[in-house]
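Undergrad: Residue numbers (full-length UniProt numbering): 1 to 520.
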Amino acid sequence: MSIYTTIQNPEETRLEGSPGSMAALSSLSVDILTTFASLTSRHPTTLRSTILPFLLIPRRTHNLALKTTPYFHRRRFSVSATATTSAPQTDESDLTTKIPPDNRIPATIITGFLGSGKTTLLNHILTADHGKRIAVIENEYGEVDIDGSLVAAKTAGAEDIVMLNNGCLCCTVRGDLVRMIADLVNKKKDKFDHIVIETTGLANPAPIIQTFYAEDQVFNDVKLDGVVTLVDAKHALLHLDEVKPKGVVNEAVEQIAYADRVIVNKTDLVGEQEIDSLVQRIRNINRMANLKRTQYGKVDLDYVLGIGGFDLERLFSTLVTSQLNCNIWRFWLTFANLLRIESAVSDEDRKEDHASHDHDHHHHDEHDHKHGISLHSQLLLNACFGYLLCHSCDNIMADHKACGCYHADHHDGHHSHDHTHDPGVSSVSIVCEGSLDLEKANIWLGTLLMERSEDMYRMKGLLSVQGMDERFVFQGVHDIFQGSPERLWGPDEPRMNKIVFIGKNLDAQELEKGFKACLL
Ligand SMILES: Nc1nc2c(ncn2[C@@H]2O[C@H](COP(=O)(O)OP(=O)(O)OP(=O)(O)O)[C@@H](O)[C@H]2O)c(=O)[nH]1
Numbered sequence: 001m002s003i004y005t006t007i008q009n010p011e012e013t014r015l016e017g018s019p020g021s022m023a024a025l026s027s028l029s030v031d032i033l034t035t036f037a038s039l040t041s042r043h044p045t046t047l048r049s050t051i052l053p054f055l056l057i058p059r060r061t062h063n064l065a066l067k068t069t070p071y072f073h074r075r076r077f078s079v080s081a082t083a084t085t086s087a088p089q090t091d092e093s094d095l096t097t098k099i100p101p102d103n104r105i106p107a108t109i110i111t112g113f114l115g116s117g118k119t120t121l122l123n124h125i126l127t128a129d130h131g132k133r134i135a136v137i138e139n140e141y142g143e144v145d146i147d148g149s150l151v152a153a154k155t156a157g158a159e160d161i162v163m164l165n166n167g168c169l170c171c172t173v174r175g176d177l178v179r180m181i182a183d184l185v186n187k188k189k190d191k192f193d194h195i196v197i198e199t200t201g202l203a204n205p206a207p208i209i210q211t212f213y214a215e216d217q218v219f220n221d222v223k224l225d226g227v228v229t230l231v232d233a234k235h236a237l238l239h240l241d242e243v244k245p246k247g248v249v250n251e252a253v254e255q256i257a258y259a260d261r262v263i264v265n266k267t268d269l270v271g272e273q274e275i276d277s278l279v280q281r282i283r284n285i286n287r288m289a290n291l292k293r294t295q296y297g298k299v300d301l302d303y304v305l306g307i308g309g310f311d312l313e314r315l316f317s318t319l320v321t322s323q324l325n326c327n328i329w330r331f332w333l334t335f336a337n338l339l340r341i342e343s344a345v346s347d348e349d350r351k352e353d354h355a356s357h358d359h360d361h362h363h364h365d366e367h368d369h370k371h372g373i374s375l376h377s378q379l380l381l382n383a384c385f386g387y388l389l390c391h392s393c394d395n396i397m398a399d400h401k402a403c404g405c406y407h408a409d410h411h412d413g414h415h416s417h418d419h420t421h422d423p424g425v426s427s428v429s430i431v432c433e434g435s436l437d438l439e440k441a442n443i444w445l446g447t448l449l450m451e452r453s454e455d456m457y458r459m460k461g462l463l464s465v466q467g468m469d470e471r472f473v474f475q476g477v478h479d480i481f482q483g484s485p486e487r488l489w490g491p492d493e494p495r496m497n498k499i500v501f502i503g504k505n506l507d508a509q510e511l512e513k514g515f516k517a518c519l520l
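1) Take Arg104 and list the residues in its own chain whose beta-carbon comes closer than 7 angstroms to its own, dropping the five residues that flank it on each side.
2) How long is the line joining the alpha carbons of Pro207 and Phe192, rounded to whole angstroms?
3) Does at least one heavy atom of ligand 1 sit under 7 angstroms from the Cβ of Asn265?
4) Quick check on the DSSP output: what are the complete alpha helix (DSSP H) runs of length 4 or more inside the UniProt domain "CobW C-terminal" (425-519), in order along the chain?
5) I need the boundaries of the beta strand (DSSP E) containing Leu291, first residue and last residue.
6) Expressed to the nearest angstrom, what Euclidean distance is found between the alpha-carbon atoms of Ile195 and Ile125?
7) Consult DSSP for Thr199 and reduce its assignment to one of helix, strand or coil.
8) Going by other Cβ atoms of all chains shown within 10 Å of its Cβ, with 16 needed for buried, is Phe515 buried or exposed?
9) For Pro106, which of helix, strand or coil comes out of DSSP?
10) Could you check which residue in Ile134, Gly115 and Arg133 has the C-alpha nearest to that of Leu230?
11) With a threshold of 6 angstroms on Cβ separation, who are the neighbours of His130 within its own chain once the five nearest residues in sequence on each side are excluded?
12) With DSSP as the reference, please indicate the residues paired to His194 in a beta bridge.
13) Check whether the Cβ atoms of Met459 and Ile499 lie closer than 8 angstroms to each other.
14) Are three or more beta carbon pairs between the stretch 471-481 and the stretch 447-463 nearer than 8 angstroms?
15) What does the Cβ neighbour count give for Pro106, buried or exposed, with the cut at 16 atoms within 10 Å?
16) What is the rounded straight-line gap between the Cα of His400 and the Cα of Ala214?
17) Can you give me the C-alpha to C-alpha distance between Phe472 and Leu448, rounded to a whole angstrom?
18) Taking the beta strand (DSSP E) that Thr229 falls in, what are its first and last residues?
19) Which of the three DSSP states, helix, strand or coil, is assigned to Gly112?
20) Identify which residue in Val136, Arg495 and Pro205 has its Cα closest to the Cα of Lys188.
21) I need the DSSP call for Asn204, collapsed to helix, strand or coil.
22) For His130 and chain C, any beta-carbon pair shorter than 8 angstroms?
23) Confirm, please, whether the CB-CB distance from Arg261 to Val218 is below 8 angstroms.
24) Quick check on Val253: buried or exposed, where buried means 16 or more other Cβ atoms within 10 Å of its Cβ?
25) With DSSP as the reference, label Val299 as helix, strand or coil.
26) In this structure, what does DSSP give as the bridge partners for Val253?
27) Measure the Cβ-Cβ separation of Gly434 and Leu488 and say whether it is below 8 angstroms.
28) Please tell me whether Leu445 and Ile263 are closer than 8 angstroms, where the distance is taken between their beta carbons.
29) With distances taken Cα to Cα, identify the nearest neighbour of Gly490 among Leu177, Lys440 and Met468.
30) Looking at Asp268 and ligand 1, is the gap between the Cβ and the nearest heavy atom below 7 angstroms?
31) From this set, Ala233, Gly308 and Glu512, which residue's C-alpha is nearest Thr294's C-alpha?
32) At what residues does the alpha helix (DSSP H) containing Ile282 begin and finish?
33) Any chance the CB of Thr119 is under 7 angstroms from a heavy atom of ligand 1?
34) Run the CB neighbour count on Met450, radius 10 Å, all protein chains shown included, and call it buried at 16 or more, exposed below.
35) Measuring alpha carbon to alpha carbon, tell me which residue in Gly226, Asn442 and Thr200 is nearest His421.
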């Protein structure tokens, strides 16, 4: 039998053609979800082509300002279900046992603000003894590839390292990511068991996550396993507290909001109290992710790989299990609520509300906070159901143009994505031959950072230093910088300097002039 329902409002759900008794409704809801869950896991494509298409087609209708209007699209849900009202469901029903395994390749997204320790964690994963064959996709913000060579140099573990340097994964090179994953799968499927994607430090993870559900080429072969977010214990608050202009995304907040696992890294650089207040701040943004404190990204690998954070089976079985005793009205209500993607990101009121909660639960912070469905799962449903969240105005809409805040600059065809990065933040890359006078370079950098360390988010370079046979790796995050010799220069290798600065209001000419003045 078919059930048709129109969701108008979470408080006002109407059923048509359904049996009248609550008991019947209750078992029906289970049947619907069983069907849904098994279809989801067994035939991801089938699910999308038989059920979701009905739901996927975005309609240019209303502008849904969730904060002010508790209104949802009128959307006709059609779900086929065998309404076996005679077989009563029990609380012990274990729906997950009916779900066959999902054999798609798992993918992990490593994200975190600039310099938080993503590459350090990646190297830890790649050099650890886990028996997994890992393909790596690296995305760098600057035009010059520094991380790629640092990862490649240190690892024997990676099956494949592919670089995406010509833009940010969350916007301009999303298409490249899709092609790259499709390429990896088509040509080397049997050569790796896991894909790890390191985003730039300025990536907004939401559109990257959506790629895993919106693109058939990816969805059919790869499943998103989890989002791991690194947080720099010393500098994170600086970025989390930064007030951005309306419509500009705060990437540091977004990265935490979408995490399954948060790693508070660099705890050696700060005291316990600072870490505690940072953890509290993180909890205000994301109460559901697991959290660990570390140095140099040293975490157990099962904390970051094989998380199962985005399993559709898990999501739907959570829904089912939580609804076993409830009637179908409540089921739809829950479902409707899931579509209500609430931006944890800029809701200062909620932050206040949870401050006391976080304080009370302080000692449990780093353990289990899974009392609900996480933001990424909401995003998953969001992706499945064809809604988009506009970060410019916090509206949910069926397509970009349906958003009331439609602006050509961020919704146009060339640069269409649902967020805008801070235009004041940019990168300056310098590539030049020659050898550096290390002492001069030290003085220049020291002065630069004394004057501008807040604005200087990240510096990294592969340098040729006078009198040194090795490449010199230079790393800087705000006021902390360090350098060390790496591998030997090759006999025929030109001694090129490559250095990238990322920060706010950077003056490219001034930086280039300063750097070149340190060359001999
Ligand atoms: N003191 C300290 N330094 C760390 C720790 N983890 C990483 N670092 C250093 O921090 C710097 C940045 O680390 P990366 O791993 O390159 O950071 P990232 O997030 O990949 O940087 P981007 O890709 O540029 O955003 C490097 O110099 C690391 O050695 C830590 O726990 N403590």
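Cβ coordinates follow ideal geometry from the N, Cα and C atoms, glycine included. Here the structure is a predicted model, which is why all the values come from computation and not from measurement.
TA: This is what the structure gives:
1) In its chain, beyond the 5 residues on either side, Asp221, Val222 and Lys223 have a beta carbon closer than 7 angstroms to the beta carbon of Arg104.
2) Answer to the nearest angstrom: the Cα atoms are 25 angstroms apart.
3) Answer for Asn265: yes, Cβ within range of ligand 1.
4) List check, alpha helix (DSSP H) in window: 438-452 and 508-516.
5) Run containing Leu291: Asn290 to Arg293, per the beta strand (DSSP E) assignment.
6) Taking the straight line from one Cα to the other gives about 12 angstroms.
7) Coil, per DSSP.
8) That one is buried.
9) The answer is strand: DSSP assigns Pro106 an E or B state.
10) Here the closest residue by C-alpha is Gly115.
11) The residues are Leu301.
12) Answer by DSSP bridge pairing, in chain order: Ile134.
13) Between Met459 and Ile499, the C-beta spacing is below 8 angstroms.
14) By the Cβ criterion, the stretch 471-481 is in contact with the stretch 447-463, since at least three pairs of Cβ atoms, one from each stretch, lie closer than 8 angstroms.
15) So Pro106 counts as buried.
16) A caution first: His400 carries a pLDDT of 37, below 50, which makes its placement in the model too unreliable to give a value.
17) Distance between the alpha carbons of Phe472 and Leu448: 20 angstroms.
18) Residues Val222 to Asp232.
19) In the three-state reduction of the DSSP assignment, Gly112 falls in the strand class.
20) If we check each option's Cα against that of Lys188, Val136 comes out closest.
21) Here Asn204 carries a coil assignment [DSSP, helix/strand/coil].
22) Included in the structure is just one protein chain, with no chain C present.
23) Arg261 is positioned such that its CB atom lies no closer than 8 angstroms to that of Val218.
24) The residue in question, Val253, is buried, as its Cβ has 16 or more Cβ neighbours within 10 Å.
25) Reduced to three states, the DSSP call for Val299 is coil.
26) For Val253, no pairing in a beta bridge is given by DSSP.
27) Going by C-beta atoms, Gly434 is not nearer than 8 angstroms to Leu488.
28) The answer is no: Cβ separation not under 8 angstroms.
29) It is Met468 whose Cα lies nearest to the Cα of Gly490.
30) Yes, the Cβ of Asp268 comes within 7 angstroms of a heavy atom of ligand 1.
31) Residue Ala233 is the option with its Cα nearest to Thr294.
32) Ile282 -> alpha helix (DSSP H) spans Glu272 to Ile285.
33) For ligand 1, a non-hydrogen atom lies closer than 7 angstroms to the CB of Thr119.
34) Met450 counts as exposed, since fewer than 16 other C-beta atoms from the protein chains shown sit within 10 angstroms of its C-beta.
35) Nearest C-alpha to His421: Thr200.
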